[in-house]
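**Q** Residue numbers (mature numbering (1 follows the signal peptide of the UniProt record, and there is no 0)): -16 to -1, 1 to 407.
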Amino acid sequence: MKFFTALIALTSVAFAAPSSQPQQDESSKRAAWPNGPFVTQGRYIRDTTGKNLTYAGTNWPGHNDVMFPEGLQYQSIEFIVQKIKSIGMNAVRLTFAIQMIDEIYSNGGKDITIQQALVQALGQANGAKILGQILAKNPRFTASTTRLQVFDAVAEELSKQQILIHLDNHISKGMWCCSADDGNTWFGDRYFSVANWTRGLAYMADNGKSWPGLVSIGLRNELREPSNNQAVKNTYNWQTWYTYMKQAAQAVNNANKDLLIFLSGLNYDTFINPVFEGTALTPGNGRFSFNDFPGYANKLVLEIHNYETGINSCSSLQNNLYSRGFKAMSSSAVNVFPVMLTEFGFAMDATTYRNTYASCLSTYLPSQKAGWTIWVLAGSYYIRSGRQDYDEDWGMLNHDWSNWRQPAYINGPFTSMVRGTLN
Ligand SMILES: *[C@@H]1O[C@H](CO)[C@@H](O)[C@H](O)[C@H]1NC(C)=O
Ligand SMILES: *[C@@H]1O[C@H](CO)[C@@H](O)[C@H](O)[C@H]1NC(C)=O
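1. Where does I82 sit, in a helix, a strand or coil, going by DSSP?
2. Who does I155 pair with in a DSSP beta bridge?
3. Our contact map puts residue 410 next to I245 with C-beta atoms below 8 Å; I'd like the distance itself, whole angstroms only.
4. Note down the Cα distance separating G116 from Q57, rounded to an integer number of angstroms.
5. What's the C-alpha gap between D173 and G167?
6. Mapping the DSSP letters down to three states, classify L244 as helix, strand or coil.
7. Report buried or exposed for D333, applying the criterion of at least 16 other Cβ atoms within 10 angstroms of its Cβ.
8. With a Cβ-Cβ cutoff of 9 Å, do F135 and N191 count as a contact?
9. With hydrogens ignored, establish whether the beta-carbon of K157 is closer than 8 Å to any heavy atom of ligand 2.
10. Would you check if there are 3 or more beta carbon pairs closer than 8 Å linking the region 316 to 326 to the region 372 to 384?
11. Any contact between the region 382 to 393 and the region 354 to 370? By contact I mean 3 or more CB pairs, one from each, below 8 Å.
12. Per DSSP, E327 is paired with what?
13. Just to confirm, are S248 and I288 a CB contact at a threshold of 9 Å?
14. Rounded to the nearest angstrom, what separates Q214 and S163 at their Cα positions?
15. Is N180 closer than 9 Å to I85 when the C-beta atoms are compared?
16. In chain order, which continuous runs of the beta strand (DSSP E) of length 3 or greater are located wholly inside the region 107 to 180?
17. Should A(-1) be labelled buried (16 or more other beta-carbon atoms within 10 Å of its own) or exposed?
18. May I ask you to report which of helix, strand or coil DSSP gives D276?
19. Within 10 angstroms of its Cβ, does residue 483 collect 16 or more other Cβ (buried), or is it exposed?
20. Provide the residue span of the beta strand (DSSP E) that contains W356, from first to last.
21. Would L345 and W359 be called neighbours here (beta carbons separated by less than 9 Å)?
22. Please report the distance separating the alpha-carbon of I394 from that of S307.
23. Under 6 Å Cβ to Cβ from K283, same chain only, skipping five residues before and after it: list those, please.
24. In chain order, which alpha helix (DSSP H) runs of at least 4 residues are fully inside the region 332 to 380?
25. Based on DSSP bridge pairs, tell me the residues matched to S200.
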């Protein structure tokens, strides 16, 4: 978010079964939903039954200052997941911050508690108050529950209600994302240690082996050029991008062979052309090659974002999406991939959803059978940009996460877009 077949099944199982786990466990796990692990074939994602599938879902942030999923002071996890399920969405992009994993490492391998996390982010009084509300709504938790255990509980419920989970590394330091001067922009920026990042990705990929619904992970949200760090700015290019994305993809694959790996582009993930066009990754002459992802070339998906909310021509918007990313799903791409629009969104008021941007997407996305996750589920945040209980006027849910903020849109065009995408 800126500014702000039998043979096939057999082959897949043989391909992906981690050597460390008993074969029995693996095959019983795969006999059931979600029929993973997923693989790509050309522009499609396929499950082990040979069915093509994509995502129609929403973003559930867990990367802000407290670094665990939002909304739990207002509603139970079961209630929130039921809301997602009620309109047919099949996926959640669950965001996390690398700082959470850094702190697990500095704390001797154990995550800090939600009590500590809330007090650190909200102060003693408000931290205690919000903790009380979370425990009242979610009695399975206690003051000593850790942040990672909250992620595990959210993942458990999403899996139980058969919602696919896509993990997204949204930022390094836990806070609202993204700007050009927030220290999280690009590899080597103030808070963006490449070593911590790849370690954090591997940690979450490994931890997610116990989440039945986890099928994919996004390596990094909205890479961008820093405005306040000249040394890092000098390395902002596709060549650097490729060096580190290969490292991160390998770290994830080493940790968890089942996951699809999403690659995101430059300038807040608004374009990823050299990857599917097969042109030079400048300033060098190297080019993207599936051979650089040995043994898991069929795990790569591209993601882009679009926030051209003021656009007044649907054909311009379609052209922009196509030329900057969706073209990778066509036979005119040099390198063909599935593509997902993992962020788009707008103010959930009475009129905005009727504009060109929203109505164009609600027909174009289903027509392309492109997957997507809207920004954002959250009706409010524990804290965002220094303000506690921040109201999210782009939220699908209202402030206390009890109902849709704009039911006319969610029950109307949005539900049609979900059905159109998944049918
Ligand atoms: C499903 O994916 C395969 C490639 O894996 C493709 O050949 C086929 O056309 C797709 N089917 C549908 C209905 O899109
Ligand atoms: C990387 O993680 C270590 C803890 O293992 C932490 O001390 C350090 O500050 C982190 N680096 C950055 C740039 O956040």
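We put the beta carbon where it would ideally sit given N, CA and C, even for glycine.
Being a predicted model, the structure only gives us computed values, none of them experimental.
**A** Considering the structure as presented:
1. Taking the sequence shown and counting its residues from 1, the one referred to as residue 82 is at position 98. Residue state, collapsed to three classes: helix.
2. For the purposes of this step, residue 155 is identified with residue 171 of the sequence shown, where counting begins at 1. Partner(s): A81.
3. The first residue shown for the chain is -16 and the last is 407, placing residue 410 beyond what the model contains.
4. As a position in the sequence shown, residue 116 is number 132, starting the count at 1. As a position in the sequence shown, residue 57 is number 73, starting the count at 1. Approximately 8 Å, taken between the alpha carbons.
5. The residue given as residue 173 occupies position 189 in the sequence shown. The residue given as residue 167 occupies position 183 in the sequence shown. So the alpha carbons of these two residues sit roughly 5 Å apart.
6. Walking along the sequence shown from the start, residue 244 turns up at place 260. In the structure shown, L244 sits in a strand (DSSP, three-state: E or B).
7. Position 349 of the sequence shown, counting from 1, holds the residue named residue 333. Answer is exposed; the Cβ neighbour count stays below 16.
8. If you number the sequence shown from 1, residue 135 lands on position 151. If you number the sequence shown from 1, residue 191 lands on position 207. For F135 and N191, yes; Cβs fall inside 9 Å.
9. Here residue 157 corresponds to residue number 173 of the sequence shown, with the count starting at 1. Answer for K157: yes, Cβ within range of ligand 2.
10. no
11. yes
12. Taking the sequence shown and counting its residues from 1, the one referred to as residue 327 is at position 343. Answer is H289, bridged to E327.
13. In the sequence shown, counting from the first residue as 1, residue 248 sits at position 264. In the sequence shown, counting from the first residue as 1, residue 288 sits at position 304. In this structure, I288 lies closer than 9 Å to S248 by Cβ.
14. Indexing the sequence shown from 1 puts residue 214 at position 230. Indexing the sequence shown from 1 puts residue 163 at position 179. Using only the alpha carbons, I get a separation of about 16 Å.
15. Within the sequence shown, residue 85 is the residue found at index 101, counting from 1. Within the sequence shown, residue 180 is the residue found at index 196, counting from 1. I85 places its beta carbon less than 9 Å from that of N180.
16. 148 to 155
17. Within the sequence shown, the letter at position 16 stands for residue -1. Low confidence applies to A(-1): its pLDDT is 42, below 50, so where it sits in the model is not reliable enough to give any reading.
18. As a first step, residue 276 must be located in the sequence shown, where it is residue number 292. Three-state DSSP puts D276 in a helix.
19. In the structure displayed, the chain extends from -16 to 407; residue 483 sits before or after that span and is not available.
20. Within the sequence shown, the letter at position 372 stands for residue 356. Per DSSP, the continuous beta strand (DSSP E) segment holding W356 begins and ends at 355 to 358.
21. Stepping through the sequence shown from its first residue, residue 345 is reached at position 361. Stepping through the sequence shown from its first residue, residue 359 is reached at position 375. Not closer than 9 Å, so no.
22. By one-based count along the sequence shown, residue 394 stands at place 410. By one-based count along the sequence shown, residue 307 stands at place 323. Distance between the alpha carbons of I394 and S307: 29 Å.
23. Here residue 283 refers to the residue found at position 299 when the sequence shown is read from its first residue. Answer for K283: L244, I245, listed in chain order.
24. 340 to 352
25. As a first step, residue 200 is located in the sequence shown; it is residue number 216 there, counting from the start. In the DSSP output, where bridge partners are listed per residue, S200 has H150, L244.
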